[in-house]
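For the sequence shown, full-length UniProt numbering assigns the number 305 to the initial residue and increments by one for each residue that follows.
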Amino acid sequence: LSQLFRPLDLLGMVYRTIRQGVIDMGAMFDLIDTPSEVVDAPGAQPLVVGNGHVRFEDVHFGYDAGQPILKGIDLDIPAGHTLAVVGPSGAGKSTLARLMYRFYDLTGGRITIDGQDIAGVTQDSLRSAIGIVPQDTVLFNDTIGYNIAYGREGAGPDEIVRAAKGAAIAEFIERQPLGYETRVGERGLKLSGGEKQRVAIARTLLKNPPILILDEATSALDSRTEAEIQDTLEDIERGRTTIVIAHRLSTVVNADEIVVLDSGRVVERGSHAALLRQDGLYAEMWNRQAQERESEEDGALAAE
Ligand code: ATP
305 LSQLFRPLDL LGMVYRTIRQ GVIDMGAMFD LIDTPSEVVD APGAQPLVVG NGHVRFEDVH
365 FGYDAGQPIL KGIDLDIPAG HTLAVVGPSG AGKSTLARLM YRFYDLTGGR ITIDGQDIAG
425 VTQDSLRSAI GIVPQDTVLF NDTIGYNIAY GREGAGPDEI VRAAKGAAIA EFIERQPLGY
485 ETRVGERGLK LSGGEKQRVA IARTLLKNPP ILILDEATSA LDSRTEAEIQ DTLEDIERGR
545 TTIVIAHRLS TVVNADEIVV LDSGRVVERG SHAALLRQDG LYAEMWNRQA QERESEEDGA
605 LAAE
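What follows is the structure in structure tokens.
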């Protein structure tokens with residue numbers, strides 16, 4: 305009989321995993337690639353989150369044996385601080401975030417939250433302590449209210465409105481004739497990239513996690529929308545331990561610490577000003593992006 309139930313158990317697990325938020329991580333964590341071998345350790349206890357002090361201690365990891373991706377990462381993010389992770393494409397930035405959410409187990413070292421190794425706590429408790437604002441938000445073919453409420457089961461209408469206000473999308477919703485009952489998705493209202501991101505921020509506010517992972521969208525938002533979203537994000541980061549995976553350096557200037565990842569190693573770390581003074585990889589990336597911004601602005605002026 306137990307043989308018979310096993311596939312059902314597996315289905316139940318997949319379903320629960322989806323409910324618990326895999327789906328709202330969108331492109332950052334490819335659902336298809338999500339391994340099923342990560343299981344709760346025998347006797348795993350729920351994570352007890354105090355202030356949310358996160359540490360990576362000599363973390364090693366590779367997706368395939370013999371192909372190391374992260375090669376000894378040490379990070380210390382004091383409670384309430386913001387760490388920005390930057391670096392060339394393929395350096396391992398998103399991998400760090402996936403490990404934090406324990407989509408994979410490490411090949412060496414450990415990650416702790418308030419002193420507890422995340423490999424030894426229940427996955428449910430770990431995932432409910434971490435909120436993710438992904439690059440691309442998956443919306444359901446349902447109402448905008450439902451899409452926000454997805455952040456936390458059982459959220460009431462007042463809480464949904466409060467979250468929408470915190471994410472600066474409430475006015476937009478209230479302008480729609482059906483308000484929170486407006487359907488979105490394929491057969492409903494189409495949301496812009498920035499509006500979708502605000503839905504993700506509202507979901508995260510409802511979840512109210514002590515730890516945040518922000519995966520900055522690579523797709524270009526216009527610079528005004530980007531600046532407005534940036535302001536909203538800075539608001540929700542306050543009082544939470546935050547890891548920002550950044551593609552545009554202009555958004556990390558105020559981080560407490562910036563680490564530059566290259567080929568799976570931290571090659572530079574420090575504040576924005578200190579890293580510019582070092583005149584290394586960060587300074588090179590900064591100068592290149594500044595030049596790109598200038599030529600975009602020149603292009604925009606020429607077009608006027
Ligand atoms: P980007 O800025 O382009 O998003 P990144 O720094 O976030 O890059 P990661 O996505 O962490 O980089 O990838 C690091 C390395 O791991 C890359 O070489 C990538 O090809 C590899 N990789 C990522 N996901 C997988 C996977 N599921 N299986 C095998 N290799 C993977």
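Glycine residues also receive a C-beta, built at the ideal position from the N, C-alpha and C atoms.
In the three-state reduction of the DSSP assignment, I417 falls in the strand class, which pools E and B. For N445, the closest of V343, R402, R487 and H357 by C-alpha to C-alpha distance is R487. By the criterion of at least three beta-carbon pairs nearer than 8 Å, the segment 383 to 399 is in contact with the segment 559 to 566. Residue environment for A594: exposed (fewer than 16 other C-beta atoms within 10 angstroms of its C-beta). Assigned with DSSP and collapsed to three states, Q371 falls in strand. Its chain contains A388, V390, E520 and V556 as the residues whose beta carbon lies nearer than 6 Å to that of A550, once the 5 sequence neighbours on both sides are disregarded; these appear in chain order. Between the segment 354 to 367 and the segment 408 to 417, the count of Cβ pairs shorter than 8 Å is three or higher; the stretches touch. Residue D380 holds the alpha-carbon nearest to the alpha-carbon of T545 among A369, D380 and Y367.
Here the residues close to the ligand ATP, judged by CB distance below 5 Å to any of its heavy atoms, are D337, Y367, I373, S393, G394, A395, G396, K397, S398 and T399 in chain order. Within the model, the alpha-carbon separation for G460 versus Y450 is close to 11 Å. The DSSP assignment places 576 to 582 as complete runs of the alpha helix (DSSP H) inside the segment 528 to 584, in order along the chain (cut-off: 4 residues). Contact annotation, M404 with I505: C-beta distance approximately 19 Å; criterion of less than 8 Å not satisfied.
Closest in C-alpha terms to G384, from the list Y454, A531, E541 and R573, comes E541. Across the structure, P372 and E598 are spaced so that their CA atoms are roughly 38 Å apart. D428 is positioned such that its CB atom lies closer than 9 Å to that of P350.
Its chain contains V353, G356, A433, R544 and T545 as the residues whose beta carbon lies nearer than 7 Å to that of P514, once the 5 sequence neighbours on both sides are disregarded; these appear in chain order. With a 10 Å radius around the Cβ and a threshold of 16 neighbouring Cβ atoms, A453 comes out buried. For V503, the enclosing alpha helix (DSSP H) starts and ends at G497 to K511. Here T411 carries a coil assignment [DSSP, helix/strand/coil]. Look at D380 here: in three-state DSSP terms it is strand. In terms of Cα proximity to D440, the closest of D535, N512, K500 and R552 is K500. When the Cα atoms are used, V342 and D421 turn out to be separated by approximately 14 Å.
Taking 9 Å as the cut-off, the beta carbon of G376 is found no closer than this to the beta carbon of G424.
Residue environment for E561: buried (at least 16 other C-beta atoms within 10 angstroms of its C-beta). Annotation for E361: no alpha helix (DSSP H) segment contains it, though the beta strand (DSSP E) segment containing it runs V358 to F365.
Comparing alpha-carbon positions, the option among I448, Y586, F407 and R466 lying closest to L430 turns out to be F407.
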